[in-house]
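These notes are about the structure you will find just below.
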Amino acid sequence: MEELRKTCLHDKHVGLGAQMSPFGGFDMPIQYSGIVEEHNAVRNNCGVFDVSHMGEVLVTGPEAEKYVNYIFSNDVEGLPDGGILYGMMLNHNGGVVDDLLVYKRGENHFLLVINASNIAKDVAWIEEQAKNFNVDIKNISDETGEIAVQGPEAEAALEEILAIPCKELTFYTFKELDRDGKHLIVSRTGYTGEDGFEIYADHETIRDLWDKLMASGKVAPCGLGCRDTLRFEVGLPLYGDELADDITPVEACLSMFVKLNKPEFIGREVIERQKAEGAPRKLVGLELADRAIPRHGYEVLNADDEVIGYVTTGYRGISVDKSIAAALIQTPYAVKDNELKIRIRRKTFPAKVVAKKFYKKSYKK
Amino acid sequence: MSKTYYSPSHEYVTVDGNIGYIGISDYAQQALGNVVYVDMPEDGDDLVAGEDFGAVESVKAASDLFAPVSGAVVEINEQLIDNPRLINEDAMSNWIVKVELTDPSELDKLMDEEAYRAHCEAEKH
């Protein structure tokens, strides 16, 4: 077993008595006070997450824009400096290598933010595809820390507690600032369905910001447990659950983040075909009448008890008081209000096909 | 006079005569966090020592329940259907199923309070 890695805030989590658990190769806090309390803190007030495990890769050089557009499903051409796009890197079969954010820092200067569990795979992929492009690729994951400040009070927390002006930032934009000789990137982004910000800086700066937020008593430390319940309720995908090397963005209902009207990019043919002809599977929401809880990997059955798919994520919702799931199922069954079943241990339970956004996002646009 | 026994998988059985009250230990509820669902057997079901008979689910995960002793279910704790959090509030008094023991000699294989405490300590390290 490879040794678990620690983020720059690891000792802070242990000091706060967090329940720690491995995630993406890192020893990460799952919860402090409890998933429900932390989830509600983000929905109603403000919470802070250590997301330093996320990976960061810089792509620069004369052909950086052309190259990013070749490996990325969304279109960075015309993206202004300070703009951010969500999208995916696709493999040649149209499957998802990873989903990521692309930050445009300047002409031919991009920051790619990738999933912790995929850092090694992604960096190898990015370097491999770059052979015929004049670009420089630099993995800065190890020296970069990141916190996410999320919730309706996030703007006040940044302005008042951290003295970071952020009112002018609109959704999916960022700015860079220098403070005490340190460089910070601050973006209006997140993974909770609430308004919020993500801050990237060196370890020392991230530790200092974390301490200030904790000392204020106004921001709850939040673990990966509620990060998952929050993102799931608003229908945001998690790589490894809703996305994988063998799941396409069309199947995951993310084709709006694949732009076909741009120059050649990896995975294009498959997506073009699936967009026109449909994909064999589709990601849907399922809602149970019973309290039983569907979990990742549980089978989804049709009326004849044939297996037609599986649950990708499931919970007893927290903001939504129902047992709910996202499931990847055969497309003919992906019809709203269709009655299916989920096998949960010894029994099967009726489940109705619904929209997979179970809770409304409250972004500030 | 009742006595409580524990299994290595953190279920307890509090025995009074030939009746056993089975639940999960306080250590187990703390490790699980917010309990949101308890999957229980039905009246009349037979539990077999060492085999799973249901699950306790926290927000994050489902944790199977293993029968510490064999017996027939004579009652389930219906309060847990609508209020699974009772397990977090007091795991020891909020038992999950009440059984009629079929083989009281199985109790000899379980741990008493002291041995169980040592078992939990060992698991923490």
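Residue numbers (the working numbering), protein chains in the order written: chain A, 18 to 382; chain B, 29 to 153.
Quick reminder that beta carbons are idealized off the backbone N, C-alpha and C, glycines included.
Rounded to whole angstroms, the separation of the alpha carbons of M120/B and Y256/A is 39 Å. G41/A has its alpha-carbon roughly 28 Å from the corresponding atom of R360/A.
The residues S340, I361 and F366, in chain order, have a CB closer than 7 Å to that of A309/A in the same chain once the five nearest residues on each side in sequence are set aside. Within chain A, no C-beta atom comes less than 8 Å from the C-beta of Y55/B; the nearest is roughly 13 Å away.
Cβ neighbours of S69/A within its own chain (closer than 7 Å, five residues either side excluded): T24, C25, L26, G162, E163 and I223.
Taking a C-beta distance under 8 Å as the contact criterion, A269/A and E281/A do not qualify as a contact pair. Residues of the segment 86–112 of chain B with a Cβ closer than 9 Å to any Cβ of chain A, in chain order: S86, V87, K88, A89, A90, D92, I109, D110 and P112. Think of a sphere of 8 Å around the beta carbon of A83/B: the chain A residues whose beta carbon falls inside it are R362, in chain order. Residue range I101 to L107 is occupied by the beta strand (DSSP E) that includes I101/A. In the three-state reduction of the DSSP assignment, M68/B falls in the coil class, being assigned neither a helical nor a strand state. Beta-bridge pairing by DSSP links E73/A to V130/A. If you draw a straight line from the Cα of P46/A to the Cα of P238/A, it comes to about 10 Å.
Contact between G64/A and G168/A holds: their C-beta atoms lie close to 6 Å from each other, under 8 Å. The beta carbon of N46/B does not come within 8 Å of any beta carbon belonging to chain A, so the residue lies off that interface. Rounded to whole angstroms, the gap between the alpha carbons of E144/A and E160/A is 19 Å. According to the DSSP secondary-structure assignment, L318/A is paired through a beta bridge with V324/A and K358/A. With respect to V166/A, G213/A sits close: the two C-beta atoms are nearer than 8 Å. Pairwise C-beta distances place the segment 82–91 of chain A in contact with the segment 118–126 of chain A, as three or more of them are shorter than 8 Å. Non-local beta-carbon contacts of S90/A in its own chain, meaning distances under 8 Å to residues more than five positions away in sequence, involve G104, M105, M106, L107, P266, F274, V275, K276, F282, G284 and I288 in chain order.
With 16 or more neighbouring CB atoms inside 10 Å of its own CB, R60/A falls in the buried class.
Across the structure, A261/A and M71/A are spaced so that their CA atoms are roughly 17 Å apart. Taking C-beta separations shorter than 8 Å and ignoring five residues to either side along the sequence, the partners of P97/A in its chain run K121, following chain order.
Sequence-distant Cβ neighbours of D354/A in its own chain, meaning closer than 7 Å and more than five residues away, are K369 and V370. Segment contact: the segment 66–73 of chain B against the segment 27–38 of chain A, fewer than three CB-CB distances shorter than 8 Å; contact not assigned. With its beta carbon less than 8 Å from one in chain B, R312/A belongs to the interface. The C-alpha of V97/B is placed about 11 Å away from the C-alpha of T42/B. Check the Cα spacing between D219/A and each of Y87/A, D197/A, D139/A and F375/A: the tightest is with D197/A. Straight-line spacing of the CA atoms in H147/B and D136/B works out to 16 Å.
Identification of residues in the segment 242–259 of chain A having a C-beta nearer than 7 Å to some C-beta of chain B yields G242 and T246, given in sequence order. Y40/B does not reach chain A, its nearest Cβ partner there being about 22 Å away, counting only Cβ pairs nearer than 9 Å.
In this structure, the CA atom of N122/B is about 7 Å from the CA atom of L114/B.
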